[in-house]
């Protein structure tokens, strides 16, 4: 286990669960945990693992933390070296891999996102070749965040309600993804139309107060477009499947250093946007 955080030019860093356990729990000035997550972050993650591994083989993935959301107890690190044991990680996102449910292409996973505002859990899949997260369906996300966030005890009650249906959820993901592989978007207009729709939505998100429906922001849209226009299929105006395009979206969102606090929500918006637009027949499976 490392002792120091060495950032370089990175704005986010991967840490292990062991390193998170060695850090300081996030509490307020009165020494209290947030009522939206009333325990140390590592203890919460271990609680989730302990529950899931009663039925599945679980491997904790890396935990990503942003540099600008770390607190330091300077009395424990007087030389400002960046000691993990003196650090408080106020924001993070991580994933638990369920090895019992996997194919050559992907495995079932549970993603967690923890911030000062609370905790969010999502059931989804992890794509093996690129580590992209796939999260579909509002029923597969629970949170204590925001005005509509659940009390923590209700949140945990719903989580326990997930456990008997993880296999069913896994099969639904497979069904939806296989359906997406059969849907083709034409390269001589339909994909360009999609980019145009996204441009309008992302611009409204940036400049129109109260507009939150854009699945990606302007910077992410630029990266998405840059990736698309380099693809031979796009350049030759050949069709692409909805699943291919979906993975282009999630590639940008999964590996962004700037959306750690909203990554699960952003992934849900991406799937909701694309499925409603191009695969409404999946409505009975995931969309609420």
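Numbering (this note's numbering), first residue to last: 56 to 343. The beta-carbon is built from N, C-alpha and C at its ideal position, and this holds for glycine as well.
Under the Cβ criterion (8 Å, minimum of three pairs), the segment 267-277 counts as touching the segment 299-313.
Residue 237 and residue 295 have their C-alpha atoms spaced approximately 10 Å apart. Our two residues, residue 115 and residue 167, have alpha carbons roughly 11 Å apart in a direct line.
The three-state secondary structure of residue 109, taken from DSSP, is coil. Under a 10 Å Cβ-count criterion, residue 253 is classified as buried, with 16 or more other Cβ atoms of the shown protein chains found around its own Cβ. The beta strand (DSSP E) runs of length 3 or more contained entirely in the segment 86-160 are, from start to end of the chain, 113-121, 125-127, 142-144 and 147-157. Non-local beta-carbon contacts of residue 117 in its own chain, meaning distances under 6 Å to residues more than five positions away in sequence, involve 69 in chain order.
Taking all protein chains in view, the Cβ of residue 257 is crowded by 16 or more other Cβ atoms within 10 Å, so the residue is classified as buried. In this model, residue 132 and residue 318 are separated by some 31 Å (Cα to Cα). Contact between the segment 195-212 and the segment 84-95 is present: 3 or more CB-CB pairs across the two stretches fall below 8 Å. In the three-state DSSP reduction, residue 308 falls in the helix class (H, G or I). Taking a contact to require three or more Cβ pairs closer than 8 Å, the segment 121-138 and the segment 326-336 do not qualify as touching.
Using a Cβ distance threshold of 8 Å, residue 153 and residue 113 count as a contacting pair. In this structure, the straight-line span from the alpha carbon of residue 260 to that of residue 109 is close to 42 Å. DSSP places residue 313 outside both helix and strand once states are collapsed to three, so it counts as coil.
Distance from the CA of residue 216 to the CA of residue 107, rounded to the nearest whole angstrom, comes to 12 Å. Selection 123, 155 and 160 evaluated against residue 142 yields 123 as nearest (Cα-Cα). Under the three-state reduction of DSSP, residue 271 is assigned to coil, being neither helix nor strand. Residue 303 holds the alpha-carbon nearest to the alpha-carbon of residue 280 among 267, 303, 265 and 111. Here residue 120 is near residue 147, since their CB atoms are less than 8 Å apart. Contact check for residue 165 against residue 156 fails: the beta carbons are separated by 8 Å or more.
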